[in-house]
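Below is one structure, written out as structure tokens, with a few remarks after it.
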Amino acid sequence: MDKSKRKVVIAGNWKMNMTPSEAKTAVAETAKLTDSMNGCDVVLCVPFVDIASAVEAAKGTNVKIGAQNVHFEAKGAFTGEISAAMLLETGVEYVIIGHSERRQYFGETDATVNARTKAALAAGLKVILCLGEVLSERESGITSEIVSMQTKLDLAGISAEDMKNVIVAYEPVWAIGTGLTATPDQADEVCGIIRSTIADLYSADIADATVIQYGGSMNDGNAAELLSKVNVDGGLIGGASLIPAKFAKIVEAAQA
Ligand code: 13P
0 MDKSKRKVVI AGNWKMNMTP SEAKTAVAET AKLTDSMNGC DVVLCVPFVD IASAVEAAKG
60 TNVKIGAQNV HFEAKGAFTG EISAAMLLET GVEYVIIGHS ERRQYFGETD ATVNARTKAA
120 LAAGLKVILC LGEVLSERES GITSEIVSMQ TKLDLAGISA EDMKNVIVAY EPVWAIGTGL
180 TATPDQADEV CGIIRSTIAD LYSADIADAT VIQYGGSMND GNAAELLSKV NVDGGLIGGA
240 SLIPAKFAKI VEAAQA
């Protein structure tokens, strides 16, 4: 297993936080604090209405902007939805798909996650594909089966070529926003299971090149240890990404 084939990606998921003017300030502050930290990619995934001000504030910096969802159809009568082409034109490079909050509260299924992923990749966006087990699944000892099933269903029909633009974020649902974090060994083990599923679906080379992040209460205190694990290639950070100083510390931990 050669981690050097992969660039570490530290991404913030702001969820439903920050107005456009707050976003402008927070992106600028994050960019300033992470200015010289070129050892990883830095992404902030912001609410749709914040994209314009976030993209503007990120111009000329090493911060890249992402969205938090995308619809699978190109256009039409889908009130409240946003297409991949719309995102692309606003300057977004990344999009989160399949976050557990969308699966839990908004009826997202592996089939819709797969359709959204295909649409985003076809448009030229980079996808941060989220998956992970809920607490009852972990307690039943079926984490491995759950994450490998999600990996297979979510990536169904996605070409080897398109995998270059897919990041997988392993987010155990029980660790999101709870202050509970998977231990570095647990995170490494499950990211490894996802990687071997990708090897089965594609090839060992593609599995070795795929960035797999950990998400779930990652913060400036635990990031270094989590990121030291061979299968953990970055983080998807919720709460701590809202505070530029904390997020910058996580980016700093990823420089090693
Ligand atoms: P927290 O870092 O707040 O636990 O959120 C993780 C997450 O859901 C990132 O997508």
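Residues 0 to 255 (numbering that gives the first Met the number 0) are what the sequence shown spells out, left to right.
For every residue, glycine included, the Cβ atom is placed at its ideal position computed from N, Cα and C.
Query raised in the report: Going by Cα to Cα distance, which pick from D34, K125, I127 and I81 is closest to A244?
Result: D34
**Report entry** Nonlocal neighbours in the same chain, by C-beta distance under 8 Å from E170, ignoring five residues either side
**Finding:** H98, S99, C129, L130, G131, Y213, G214, G215 and L235
Requested in this report: Measure the C-alpha to C-alpha separation of T177 and S135 and round it to an integer number of angstroms.
Outcome: 15 Å
Query raised in the report: For L241, is the beta carbon positioned less than 6 Å from some heavy atom of the ligand 13P?
Result: no
Query raised in the report: Do you know offhand how far G156's Cα is from T150's?
Result: 12 Å
Requested in this report: Figure out for me which residue from A247, E188, T182 and A159 has the closest Cα to the Cα of N221.
Outcome: T182
Report task. Quick one: grab the DSSP three-state call for Y104. Result -> helix
Query raised in the report: Going by other Cβ atoms of all chains shown within 10 Å of its Cβ, with 16 needed for buried, is S20 buried or exposed?
Result: exposed
Query raised in the report: Taking the C-alpha atoms as reference points, what is the distance between A51 and V8?
Result: 22 Å
Query raised in the report: Counting only runs that start and end within the stretch 13 to 37, where is the beta strand (DSSP E) found for 3 or more residues in a row?
Result: none
**Report entry** S158, buried or exposed, once every other Cβ within 10 Å from all chains shown has been counted against 16
**Finding:** exposed
Query raised in the report: Is the distance from the Cβ of L86 to the Cβ of A66 below 7 Å?
Result: yes
Report task. Can you have a look at L179 and say buried or exposed, based on whether 16 or more other CB atoms are within 10 angstroms of its CB? Result -> exposed
Query raised in the report: A76 lies in the alpha helix (DSSP H); which residues open and close that run?
Result: It is not in any alpha helix (DSSP H) - A76 carries neither H nor E in the DSSP assignment.
Query raised in the report: Would you say the stretch 137 to 154 touches the stretch 75 to 91, given that touching needs at least three Cβ pairs under 8 Å?
Result: no
Query raised in the report: Does any heavy atom of the ligand 13P sit closer than 6 Å to the C-beta of I96?
Result: no
Report task. Spatial neighbours of N230 within its chain, please: CB distance less than 7 Å, with the 5 preceding and 5 following residues excluded, ordered by chain position. Result -> D187, C190, G191, R194 and I211
Query raised in the report: Start and end of the alpha helix (DSSP H) containing Q149?
Result: T142 to D153
Query - Nearest candidate by alpha-carbon position, reference A57, set V41, A253 and Q103 - result: V41
Query - Cβ-heavy atom distance, I64 to the ligand 13P, below 6 Å - result: no
Report task. For the alpha helix (DSSP H) holding I157, just list the boundary residues, first then last. Result -> Element bounds for I157: n/a, residue is neither H nor E.
Query raised in the report: Where does R104 land, buried or exposed, given buried means 16+ other C-beta within 10 angstroms?
Result: The amino acid occupying residue 104 in the given sequence is Tyr; Arg does not appear at that position. Exposed, because fewer than 16 other Cβ atoms sit within 10 Å of the Cβ of Y104.
Requested in this report: Give a single yes or no on whether L235 has its beta carbon closer than 6 Å to a heavy atom of the ligand 13P.
Outcome: yes
Requested in this report: Please name the residue, chosen from N68, V146, V133 and A84, that lies closest to T111 on a Cα-to-Cα basis.
Outcome: N68
Query raised in the report: Between A114 and the rest of its own chain, which residues show a CB-CB distance below 8 Å, the 5 nearest in sequence each way excluded?
Result: F71
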